[in-house]
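Inspection log for the structure reproduced underneath, given as structure tokens.
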Amino acid sequence: MIDYIGIAGNKPKGARPYFFDDPAVERVMNITMAIAMELAVSRERIDTLERLLEEKGVLTRAEIDAYVPKDKQAETERQQAHSEYISRVLRIIQQEMEQLKNPDKTLQEIADDIDKM
Amino acid sequence: MAKNLPPTYDKIAKHEVFPEMTHDDRARYNFLANLNKHLAHVSQGNTLAFENRVKPQFVKENGREFKNKEELGEAMARDPHYQTWSALRRSTMEMRQQAGRSLTYRQAEKLTQKVNQLNEGKDSLILNDDVKVPPYLMAVDNHLMPGSYHTELYDGDVANAANYDGGLFVTTAGLLGKYSDGGGKAIAQWLKKNHPEFSPKRILDIGCGIGHNTLPLAKMYPDAEVVAIDTGRPMLRYGHARAMALGYKNVKFVQAEASQLPFESESFDWIQSTMFLHETGGKSIYNIMNEIQRCLKPGGITMHIEQPQYTDDMTMYEKWIRDWDAYNNSEPYWSKMHDIDPKTLMAECGFDPNQYMQIGAQAINDLDDGTQKTDEPEDHGRSPIWNVFGAWKK
Numbered sequence: 024m025i026d027y028i029g030i031a032g033n034k035p036k037g038a039r040p041y042f043f044d045d046p047a048v049e050r051v052m053n054i055t056m057a058i059a060m061e062l063a064v065s066r067e068r069i070d071t072l073e074r075l076l077e078e079k080g081v082l083t084r085a086e087i088d089a090y091v092p093k094d095k096q097a098e099t100e101r102q103q104a105h106s107e108y109i110s111r112v113l114r115i116i117q118q119e120m121e122q123l124k125n126p127d128k129t130l131q132e133i134a135d136d137i138d139k140m
Numbered sequence: 290m291a292k293n294l295p296p297t298y299d300k301i302a303k304h305e306v307f308p309e310m311t312h313d314d315r316a317r318y319n320f321l322a323n324l325n326k327h328l329a330h331v332s333q334g335n336t337l338a339f340e341n342r343v344k345p346q347f348v349k350e351n352g353r354e355f356k357n358k359e360e361l362g363e364a365m366a367r368d369p370h371y372q373t374w375s376a377l378r379r380s381t382m383e384m385r386q387q388a389g390r391s392l393t394y395r396q397a398e399k400l401t402q403k404v405n406q407l408n409e410g411k412d413s414l415i416l417n418d419d420v421k422v423p424p425y426l427m428a429v430d431n432h433l434m435p436g437s438y439h440t441e442l443y444d445g446d447v448a449n450a451a452n453y454d455g456g457l458f459v460t461t462a463g464l465l466g467k468y469s470d471g472g473g474k475a476i477a478q479w480l481k482k483n484h485p486e487f488s489p490k491r492i493l494d495i496g497c498g499i500g501h502n503t504l505p506l507a508k509m510y511p512d513a514e515v516v517a518i519d520t521g522r523p524m525l526r527y528g529h530a531r532a533m534a535l536g537y538k539n540v541k542f543v544q545a546e547a548s549q550l551p552f553e554s555e556s557f558d559w560i561q562s563t564m565f566l567h568e569t570g571g572k573s574i575y576n577i578m579n580e581i582q583r584c585l586k587p588g589g590i591t592m593h594i595e596q597p598q599y600t601d602d603m604t605m606y607e608k609w610i611r612d613w614d615a616y617n618n619s620e621p622y623w624s625k626m627h628d629i630d631p632k633t634l635m636a637e638c639g640f641d642p643n644q645y646m647q648i649g650a651q652a653i654n655d656l657d658d659g660t661q662k663t664d665e666p667e668d669h670g671r672s673p674i675w676n677v678f679g680a681w682k683k
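Top to bottom, those sequences are chains A and R. According to this note's numbering, the first sequence is numbered sequentially starting from 24. According to this note's numbering, the second sequence is numbered sequentially starting from 290.
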């Protein structure tokens, strides 16, 4: 079996040019753009589903646009999902705030501490 | 400025060896075509940044204008808009390669089988183990395609060729037509229209790749024998199978190197190259042109479709931004080649300067449904507007 996943991501010949002053910014941007693409792909897939469902007379897209949760449980589930999603995406900011609130030792320092324990 | 919407990926023409694609593969390509289109507009900000920010700042600090492209480039490299645009464009090219190679290598064995079936027993595919890939192609992976045109990760590997076939549509946002053959069509139509009496019996296409620009020549001149050469075996195998699948009977695919053509002198009426010379090298281009001169019959024509030359009336900024692909999309000879005068090149290789010609060409796009009407900014190096140079041999 060919390792197509690994092969697909191979680097072309030649050192890669970086355009931002800090390569870390470029790295993050590249990952973000890949995620942006996957989100666009998911949206196109949802659009396909909606059109197929409409074609087959299961529902109309107007029904989807007009949809609001019918009970408290559905409302909670949906809002919970948003909340969880946002926290997931912005995890690093939460952790930086926790560090600000409770400045922590580095793992090197902890290692030195443990060495004496 | 409003944008023309690229055609959806499903409009690309399929054939028997075209890779199978899922819904999400196509959606990825739709996203990337739109992103390419979007970035063409974002690139206009580079001109603004240069005129309103980078140049005035430089003049203020140095009391003079830029001396050369290098100095201009160093100043632009520090501009935040240019940095963002460049990083996004590079990223888009890399994503295109990853998306294409993940879908073709996923089905690599099946692609090989299909290609082998169509090629088996055909004498119109001539491979030759003695032909070496020239050093200028070994030095770089053109357009950031890892492994380039020649690498076979296993015996009979054609996955990169299939990736190339499906990917042109994305990078050009469909402007080359459904078979990505808008360049070949343009040149064939130009010749037929302007020289209706010319009736080539033997045509050579150099650096044919998958033969996407070769087939329009074969179609325009069905009685001619068309020979397409390349050094990339995967490209030749796939290109031949593609031509078979599309029903072409008058095209031969031959593994050969352009600077050592395995053909008799004065044996071709027309020798063509399309977007090939800028992927060669500084010495090779002269060897290749000498070989073209040798193999061309008296009364024959040679033509070469290329990106625009850098002329004296082009601003330093335009020359520099046109170099972007050379260094950042791995086509390093692109910049160097555009500094040489093609007329001088041809004259040095034995063509009569009085027979030299230069014309502009635009891709013939069979996907144009009349909706692509907005006058868009030129996407330097990506627009299907080319310079064609060549000569008749006396």
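We put the CB at the ideal spot given by N, CA and C, even for glycine.
CB of residue i within 7 Å of CB of residue j, strictly
i	j	result
Glu309 of chain R	Gln396 of chain R	yes
Met578 of chain R	Leu493 of chain R	no
Thr591 of chain R	Ile581 of chain R	yes
Ile518 of chain R	Val543 of chain R	yes
Lys467 of chain R	Lys300 of chain R	yes
Met52 of chain A	Ala376 of chain R	yes
Pro35 of chain A	Leu392 of chain R	no
Ala530 of chain R	Val404 of chain R	yes
His567 of chain R	Tyr645 of chain R	no
Tyr394 of chain R	Tyr27 of chain A	yes
Ile594 of chain R	Trp675 of chain R	yes
Gly352 of chain R	Trp609 of chain R	no
Gly528 of chain R	Gly571 of chain R	no
Lys682 of chain R	Leu585 of chain R	yes
Leu320 of chain R	Met60 of chain A	In the sequence as displayed, the identity of residue 320 of chain R is Phe instead of Leu. Yes, Cβ-Cβ distance for Phe320 of chain R and Met60 of chain A is below 7 Å.
DSSP-derived helix/strand/coil call for residue i
i	result
Val91 of chain A	coil
Pro505 of chain R	helix
Lys541 of chain R	strand
Gln549 of chain R	strand
Val515 of chain R	strand
Pro345 of chain R	helix
Lys586 of chain R	strand
Arg491 of chain R	strand
Thr393 of chain R	helix
Phe557 of chain R	strand
Thr600 of chain R	coil
Lys467 of chain R	coil
Gly455 of chain R	helix
Ile25 of chain A	coil
Glu53 of chain A	Note that residue 53 of chain A corresponds to Asn in the displayed sequence, not to Glu. Looking at Asn53 of chain A - three-state DSSP - the assignment turns out to be helix.
Proximal residues of chain A, C-beta to C-beta of residue i below 7 Å
i	result
Val331 of chain R	Correct list: empty, because the minimum Cβ distance to chain A is about 13 Å.
His312 of chain R	Arg68 and Thr71
Gly429 of chain R	The sequence given here places Val at residue 429 of chain R; Gly does not occur at that position. What Val429 of chain R touches in chain A: Lys36 and Gly37.
Closer than 9 Å at the beta carbon, the chain A residues around residue i
i	result
Asn617 of chain R	Pro40 and Phe42
Met384 of chain R	Asn53, Met56, Ala57 and Met60
Ala397 of chain R	Ile25, Tyr27 and Ile30
Leu442 of chain R	Ile25 and Ile30
Residue of the options minimising C-alpha distance to residue i
i	options	result
Gln651 of chain R	R:Thr563, R:Phe640 and R:His567	R:Thr563
Thr440 of chain R	R:His627, R:Val331, R:Arg526 and R:Ala680	R:Arg526
Lys303 of chain R	R:Gly588, R:Val429, R:Ala532 and R:Ala316	R:Ala532
Val331 of chain R	R:Arg367, R:Gly352, R:Ala316 and R:Thr373	R:Thr373
Met524 of chain R	R:Leu550, R:Tyr438 and R:Lys481	R:Tyr438
Ser488 of chain R	R:Gly472, R:Met509 and R:Pro505	R:Met509
Leu464 of chain R	R:Phe678, R:Asp668 and R:Lys682	R:Asp668
Pro369 of chain R	A:Tyr41, A:Glu132 and A:Ile133	A:Tyr41
Asn293 of chain R	R:His312, R:Gly536, R:Lys326 and R:Gln406	R:Lys326
Asp655 of chain R	R:Gly571, R:Pro505, R:Gly679 and R:Phe347	R:Pro505
Gly445 of chain R	R:Gly679, R:Leu400, R:Asp412 and R:Tyr318	R:Leu400
Asp313 of chain R	A:Leu62, A:Ile54, A:Thr55 and A:Leu113	A:Leu62
Phe557 of chain R	R:Met365, R:Ala364 and R:Lys490	R:Lys490
Listed by chain order, chain R residues near residue i by CB distance under 8 Å
i	result
Lys34 of chain A	Pro435
Val64 of chain A	Asp313, Ala316, Arg317 and Phe320
According to DSSP, residues forming a beta bridge with residue i
i	result
Ile30 of chain A	Note: Ile30 of chain A sits in no beta bridge, so no partner.
Trp675 of chain R	R:Ala650
Glu595 of chain R	R:Asn676
Trp681 of chain R	R:Ile590
Ile415 of chain R	R:Val543
Ser562 of chain R	R:Ile495 and R:His593
Tyr645 of chain R	R:Ala680
Partners in chain R for residue i, counting only beta-carbon separations shorter than 7 Å
i	result
Ala31 of chain A	Gln387, Arg390, Ser391 and Tyr394
Glu49 of chain A	Ala376
Contact test: residue i Cβ vs the ligand NAD heavy atom, cutoff 6 Å
i	result
Arg66 of chain A	In the structure on display, the ligand NAD does not appear, and there are no ligands present to speak of.
Listed by chain order, chain B residues near residue i by CB distance under 8 Å
i	result
Ile28 of chain A	This model lacks chain B altogether; the protein chains it does include are A and R.
Chain A contact residues for residue i, given Cβ-Cβ distances below 8 Å
i	result
Ser554 of chain R	Near Ser554 of chain R there are no residues of chain A at all, since even the closest Cβ is about 36 Å away, more than 8 Å.
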